[in-house]
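Each remark here refers to the structure printed beneath this line.
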Amino acid sequence: MLRTHTCGELNIQSAGQEVILTGWVQRIRDKGGLVWIDLRDRYGITQLMMEEGTSDPAVIETAKELGREFVIQTKGLVIERVSKNLKIPTGEIEIKVSEIKVLNKSKLPPFTIEDNTDGGEELRMKYRYLDLRRTPVRRNLELRHRMAIETRIYLDKQKFIEIETPVLIKSTPEGARDFVVPSRMNPGEFYALPQSPQTFKQLLMVAGYDRYYQIVKCFRDEDLRADRQPEFTQIDCEMAFVEQNDILNTFEGLTKYLFSRIKEVDFADPFPRMSYADAMKQYGSDKPDIRFGMKFEELDDLGKGRDFKVFDDAGLVVGICVPGCADYTRKQLDELTEFVKKPQLGAKGLVYIRFNLDGTIKSSVDKFFNETELKSWAERFNAQPGDLILVLAGDINLTRKALNELRLEMGGRLGLRKPDTYAPLWVVDFPLLEWDQDTARFYAMHHPFTSPKPEDIHLLAGSPGEVRANAYDLVINGVEIGGGSIRIHDKELQKNMFSILGFTDEQAQAQFGFLMNAFEFGAPPHGGLAFGFDRFCALFGGSDSIRDYIAFPKNNSGRDVMIDSPAIISDEQLKELNLKVTFEPAKK
Ligand code: ASP
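For the sequence shown, the working numbering begins at 1 and goes up steadily by one.
So this is what it looks like as structure tokens:
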């Protein structure tokens, strides 16, 4: 070893020891007769010091020539510091340096390697290896590591076995576009990268490995956001001989274990469960943030039939009651109106009712509704004097969506979305299928292997849109942490499902024949789920961006700006792969 200790482990008990440390020069302070260096490695920072008169002049000379991020090896004596820094574990000591050896020089880094850096996102990503030296980024990766270790410990105890599945496969139907890889040995043919190991884990159930898991990379070619990356990681699981409850209990157990081990948060009660239908009705979202109330109340019966066209023509009149905001100014209400009218939400307007502290009621629809009528609205919400009722009307789905956003906005404004409060929730009974207007066909809401609820199977022929699935999501603080389903394990039902989804028998056979064939060899009842591992880490770390928890993430255009990928390949490679590129890349 080139060192006797790390930069994070020496303390007052070590005083008097002769030590050798290695690391990066974070900062040099030259105060005339005294020179200090902050030496950093993965474990922390240790202060080095030299003093004119008592230290070797040659060593002081070397120290003065060091630059930021130089890699050095240093030898010295651990001594008690005069002015201590009790904020860091090594803050009571410093090293009185007797030798310094430069192991490597460094160019001046393009941004400061400090907790609060001056580097913008793009620059930090280009030099990600420097960004990764920063303590907050390192802590995120350490958190990720612990989450992975603890997950493995828990699942191992529960007799799950981690099995790797291939990365060069063919299309998996998780609803996104595939990334594809041309095959040199099979000209004209392509592999697809797995959107998830879905079909393989089901095949493992057929093979008898009744508890499988894998912490695994998945690939989806879709538009990117803060919580999406083209390649991301799942804790992917599958179990045989189970019912929905068994899966929910097992993975609720994993979630509680992780919270307890890593966040020291213990949930005494079972996680609440809510049907998809209720989630949509009460929160306008299939991933409600239940850290706070402000549940939706539907007002069709109170709002319609009073000659107010906006309500009369609406598919739904629905509102929320915001506590203590009756004194919102005109300007604040205008802001909220603009918020719901923005193109992504598309509401036509916002109706408000102020339930004033003196008990009077004032609204933006006083022309159409008298005070008694508005009082009955307030009663519907169980509103208290001082509350503000906000109402939207229009198309059912769009209105729910807009009111969901408004509810989250108000929750945020009122400080009700506390980052250190965790409110988990199972959303269950998702619809099996969703209708797509544009292509005029049904799509699997989860994926085509999800089983309908047995009691709804009779609806498949006549009203497929009404069939509920044995599918579930785990939602925490409004973030979808994961989801899964009980699977179809019967060949005929699976065939029927493919046909409802618009596959001909030949297409289904060509794409998923291997799975349906496997179902003919004793497929056990099975089901599973997958947690988005990056999202889980971000939630634990208190961030909205999964990028912060990925060592080498891609930017919003799917680029790795550090290695400059994707990139064009040589004519030779194209020829070998029998590929011809017709697209002319813009000159850089
Ligand atoms: N494969 C699914 C997904 O990636 C999870 C599951 O159904 O187990 O969302």
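C-beta atoms are modelled at their ideal positions from N, C-alpha and C, and glycine is treated no differently.
Outcome for residue i when other beta-carbon atoms lying within 10 angstroms are tallied against a minimum of 16
i, result
"V340", "buried"
"N85", "exposed"
"Y212", "buried"
"H446", "buried"
"T582", "exposed"
"E65", "exposed"
"W435", "exposed"
"H458", "exposed"
"L357", "exposed"
"V428", "buried"
"D312", "exposed"
Reference residue i; option with closest CA among the options
i, options, result
"K348", "A393, P323, C325", "A393"
"L398", "A148, M280, A461", "M280"
"D456", "A440, L432, L501", "L432"
"L406", "D366, G415, G482, G319", "G319"
"M562", "P110, R124, P89", "R124"
"E466", "A444, N116, E572", "A444"
"G16", "V78, M50, V71", "V78"
"E243", "D534, D544, Y472", "Y472"
"R380", "L357, S83, C321, N356", "C321"
"K263", "T233, E150, L203, N249", "E150"
"T360", "K304, V71, P385, G119", "P385"
"G522", "L539, A508, D490", "D490"
"E164", "F200, V180, P182", "F200"
"G293", "D571, R184, G412, K401", "G412"
"L408", "R177, K453, G120, K287", "K287"
Limits of the unbroken alpha helix (DSSP H) element including residue i
i, result
"Q198", "198-206"
"D227", "Note, D227: premise wrong, no alpha helix (DSSP H); not H, not E."
"M147", "135-157"
"A518", "505-518"
"A461", "459-462"
"G412", "396-413"
"S499", "491-500"
"L168", "No alpha helix (DSSP H) holds L168; DSSP gives it neither H nor E."
"F339", "330-341"
Nonlocal neighbours in the same chain, by C-beta distance under 7 Å from residue i, ignoring five residues either side
i, result
"I113", "Q26, E69, L130, R133, R134"
"T421", "R291"
"D395", "G315"
"H5", "V19, L21"
"D56", "S98"
"L141", "A551"
"W377", "L299, L302, I353, I389"
"V365", "F308, V351"
Own chain, CB closer than 8 Å to residue i, minus 5 neighbours either side, in chain order
i, result
"E373", "L302, R306"
"G266", "A small fix is needed here, since residue 266 is Asp in this sequence, not Gly. Contacts found: K256, F259, S260."
"T90", "C7, G8, E9, L10, N11, G44, I45, T46, Q47"
"P464", "L432, L433, F442, I500"
"L34", "M49, M50, E51, E52"
Residue interval of the beta strand (DSSP E) (run including residue i)
i, result
"K101", "93-104"
"E379", "First-last for E379: 371-380, but that is the alpha helix (DSSP H), not the beta strand (DSSP E)."
"F308", "Neither: F308 is in no beta strand (DSSP E) and is coded neither H nor E."
"K362", "361-363"
"F190", "190-192"
"R354", "351-355"
is_contact[residue i, chain C] using C-beta, thresh 9 Å
i, result
"I169", "Here there is only one protein chain, and chain C is not present."
Any non-hydrogen atom of ligand 2 closer than 8 Å to residue i Cβ
i, result
"Q198", "Ligand 2 is absent from the structure shown, which contains only ligand 1."
Identified DSSP bridge partners for residue i
i, result
"Y129", "DSSP output for Y129 lists no bridge partner at all."
"C321", "I389"
"H526", "A240"
"S275", "V428"
"G30", "Looking at the sequence itself, residue 30 is Asp, so the reference to Gly does not match. Partner(s): V35."
"G67", "According to DSSP, which records beta bridges pairwise, G67 is partnered with nothing at all."
"R177", "D221"
"G532", "Q234"
"L433", "A444"
"T480", "Going by the sequence as given, residue 480 is Glu instead of Thr. Per DSSP, V475."
"S485", "A471, G528"
"M50", "V35"
"R40", "W24, I45"
"K75", "I20, E99"
"Q195", "None, per the DSSP bridge assignment."
Beta-carbon contacts of residue i that lie in its chain and below 6 Å, excluding the five residues immediately before and after
i, result
"P424", "F271, I476"
"R29", "W36"
"T547", "With the sequence shown as reference, residue 547 is identified as Arg, and Thr is not the correct amino acid for it. Counting only Cβ-Cβ distances below 6 Å, and skipping sequence neighbours, we find P553."
"Q282", "K295, F296"
"G23", "C7, L39, R40, D41"
"C325", "L388"
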